[in-house]
Amino acid sequence: MSSAIETRGLSRRFGDRLAVDRIDMHVPERSIYGFLGRNGAGKTTTIRLLLGLLRPDAGQARIAGIDVARNRMAAARKVGALLEAQGFHPHLNGRENLDLSRRLLGLPATEVERVLEVVEMTPHARRRVGDYSLGMRQRLGLARAMLGAPPVLVLDEPTNGLDPEGIADMRRFLRALPERTNATVLLSSHLLGEIEQTATHVGILSQGRLVLEGALADLKAGLAAAVEVGTDAPERAMAIASAHGFEVERADEAVVVYIAADEEPRDATAALNRALCAAGVRVHALAPRQCSLETLYRNAAQPALA
Amino acid sequence: MSTHTCVFAPPRLRTALAVEAYKLRRSLALLLAAIAPLLIAVFMFFNLTRFDKPGSWAMALQSSAAIWAFFMLPMCTTALTALMAQAEHGPRTWEHLRALPVPRWHLYAAKAICALAMVVLISLLLAVLAPLAVLAAGWAKPAAAVADAPDFAAYLLLLGRIFLAAWLMVAVQLWMALRHASFVPALALGIGGTFFAVVATSAKVGVLMPWQTPVNQLASDPSRAALALAVGFFGGCAAFTLMLWRMSRREMPA
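Chains A and B, in that order, give the protein sequences. Read left to right, the first sequence gives residues 153 to 458 (my numbering). Read left to right, the second sequence gives residues 1496 to 1749 (my numbering).
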């Protein structure tokens, strides 16, 4: 699958701080790529490099095969962006604000109505943007990013500040975008839950480095199967599980027991249960551990933080 | 699946200009453009009606040009350029604009051309309102009515020279306003520049100062006026060019 967005050795420094450190990113076409990292990890800096708002110190960024640094205008025609700071003129209404961008892009007037309809903002288009809620502004921002039907959409924290209903609405729009518009979506966020429900691929950034990247389903499948054991004697349970060849770790009050890839999880769990009961360890819970994006993120990001 | 496709028309400076003019709709900048010359006209009216003997067109129009060049033009320039810059700084639209497939110098050139156009607009309004104020004063107090014939051509020429000499001041103010997200540096520069222009009018080096080049068009020495015009206009062209180059290349802080 070819890449809609690709970077090679992309780096950017601000004084002594290396904000983006040799990133090699590949965003497949028609994917929803969740770009994850804690605040200050370098997500926004990377996005600004992709959009040509910053010049890289090293490396290369390509949008739809076009080198951003060498041909900014051509690359910019392939991408629509929703940036963190929304940027609308509050004294103009929604339609007028979109019309400003539409004119600069040299697009027909019908394009404004089309994007308003996609984000379901047509009924509010004649109201001043100054009177909009944050959710409405975000939707208008998404509409503006979609002007001209660019093949790539870059959305920086699109659910920032939204209430649960607004987040659900935004999630619904975003999930439908590749199907509805044929676009590739790069979606940056620090909210793991939102990315997990929306993205098909993820890239995890930690201290400026891309520490993990791939299709979300594949990454989760690669996680080792595990069971969580709830017990009043976690130390004893850990010792017994280790003695039977299991890899173990403590997770709050529970014990996490990892099952080897060549073992059948059900058989291994039953064997573990027998061993613990035979040793007199009282087990009050035994459940398979969910392979979540949070696990992936912690596994990927924490070694970099050590 | 959508098969919608769009073709972007090539970017044109006139498009960026039209968009800039569109933003001025219902904005404070247009209100300022109307109020500034009106204030001068109102002041002229009340000033002329103080006198009990006939005045002259030349003196009345000269005095309106002096108020404009000395004080109102620098203050309007400070306010207008700050308003135009804040139109993007305030709602933080610069990142969005600079990410568009539009040459960045178009965006800044549109700001510059609109700022100059606003000064032209105010000048033209003054050219209409000032004579009306003189006529109104004569109607309100016949004893103070002007006795001689007006020389509107000379008045328009003077306003034109003041406008051209103001290019350097407009460029410096606009650059400062665009460069900083806060309006304070531009405001401080405008107030400081106007202050020194007022207190140091007769200074020899004043002819080189951006805030004095317009008022030097009223100088009795024609060579001083010509030098100030050259400094203001050609210096302004150079300053605008440098501003476009620097601002287009500049990276915006997050």
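Glycine included, each C-beta is placed from N, C-alpha and C at the ideal position. All values reported here derive from a predicted model rather than from experimental measurement.
- Annotation for A/A171: R164, G194, T197 and G360 place their beta carbon closer than 6 angstroms to its own, counting only its chain and skipping 5 residues before and after.
- In the DSSP secondary-structure assignment, A/N245 is bridged to A/R280.
- Annotated as proximal: B/A1564 and B/L1713, with beta-carbon spacing under 8 angstroms.
- Closest by C-alpha distance to A/L202, out of A/E415, A/I157 and A/T421, is A/I157.
- Under the 8 angstroms criterion on CB atoms, B/V1514 is classed as interfacial with respect to chain A.
- Here B/R1745 carries a coil assignment [DSSP, helix/strand/coil].
- Where B/V1700 is concerned, there is no enclosing beta strand (DSSP E), because DSSP gives it neither an H nor an E.
- When Cβ-Cβ separations below 8 angstroms define contact, B/Y1603 makes no contact with chain A.
- Note that the stretch 354-369 of chain A does not touch the stretch 321-336 of chain A; fewer than 3 beta-carbon pairs, one per stretch, sit closer than 8 angstroms.
- For a Cβ distance threshold of 8 angstroms, residue set A228, S253, L256 and L257 of chain A lies close to B/L1595, ordered along the chain.
- Restricted to the stretch 202-237 of chain A, the beta strand (DSSP E) segments that are unbroken, complete and at least 3 residues in length are 210-215 and 231-234, listed in chain order.
- At a Cβ-Cβ threshold of 8 angstroms, A/Y185 and A/L339 count as neighbours.
- For B/K1518, the residues of chain A that pass the 8 angstroms Cβ criterion are H241, L244 and L252, in the order they occur in the chain.
- A distance below 8 angstroms separates the beta carbons of A/E263 and A/R254.
- Rounded to the nearest whole angstrom, the CA to CA distance from A/M288 to B/N1711 is 53 angstroms.
- Look at A/E269 here: in three-state DSSP terms it is helix.
- With its beta carbon at least 8 angstroms from every one in chain A, B/H1584 lies outside the interface.
- B/L1568 and B/W1634 have their C-alpha atoms roughly 28 angstroms apart.
- Of the candidates A/A378, A/R434 and A/I411, A/A378 places its Cα closest to the Cα of A/S444.
- Among the residues of chain B, those whose CB is under 8 angstroms from the CB of A/R207 are E1746, following chain order.
- A distance of 8 angstroms or more separates the beta carbons of A/L162 and A/S341.
- Distances from the CA of A/V408 to each of A/E415, A/L250 and A/S394 were compared; the closest alpha carbon is that of A/S394.
- Here B/S1522 carries a coil assignment [DSSP, helix/strand/coil].
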